[in-house]
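In the working numbering, the protein residues as written are 162 to 280.
Backbone N, C-alpha and C fix where the C-beta goes; we use that ideal spot for every residue, glycine too.
Note that the structure is a prediction, hence the values are computed from the model and not measured.
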């Protein structure tokens, strides 16, 4: 196993729908450590940096509107194989394809509003 640190963000829908505590609890139950946590509101410029690979895609405007629509929770999560473990915990990007018990299967509304980002 490899000790890793990964960026995790609870998106605006996760914050608005009061899923912060449950998501953090699930991360901790996986024996992963949260070394940094901050609540903030993203700007359009921050979205351009974070989602640079999507700037020229047709959905970028809607993605930016969604991501700037409210507060997000940014976290650094560490532990053995933290990257893959967080991706498994989050579930498939499309909540309809996410395994039961994953964050997206339990809380996401749609592929466009899917509660959590993991890097």
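Per DSSP, cross-strand counterpart(s) of residue i
i           : result
residue 237 : 168 and 197
residue 211 : None; residue 211 has no bridge partner.
residue 216 : Paired residues: none, contrary to the question.
Host alpha helix (DSSP H) of residue i (start-end)
i           : result
residue 184 : 181 to 190
9 Å Cβ cutoff met for residue i and residue j
i           : j           : result
residue 272 : residue 264 : no
residue 212 : residue 173 : no
residue 244 : residue 186 : no
residue 250 : residue 171 : no
Anticipated Cβ contact below 8 Å, residue i with residue j, distance rounded
i           : j           : result
residue 236 : residue 268 : Residue 236 to residue 268, Cβ: 16 Å. No contact.
residue 176 : residue 203 : Going by Cβ atoms, the distance from residue 176 to residue 203 rounds to 11 Å, so no, they are not a contact pair.
residue 229 : residue 205 : 6 Å
N-terminal and C-terminal residue of the beta strand (DSSP E) that residue i is part of
i           : result
residue 279 : 277 to 279
Quiz prompt | Contact between the stretch 183 to 195 and the stretch 240 to 253 (3+ Cβ pairs under 8 Å) | solution = Touching, yes, given that three or more Cβ pairs across the two stretches are closer than 8 Å.
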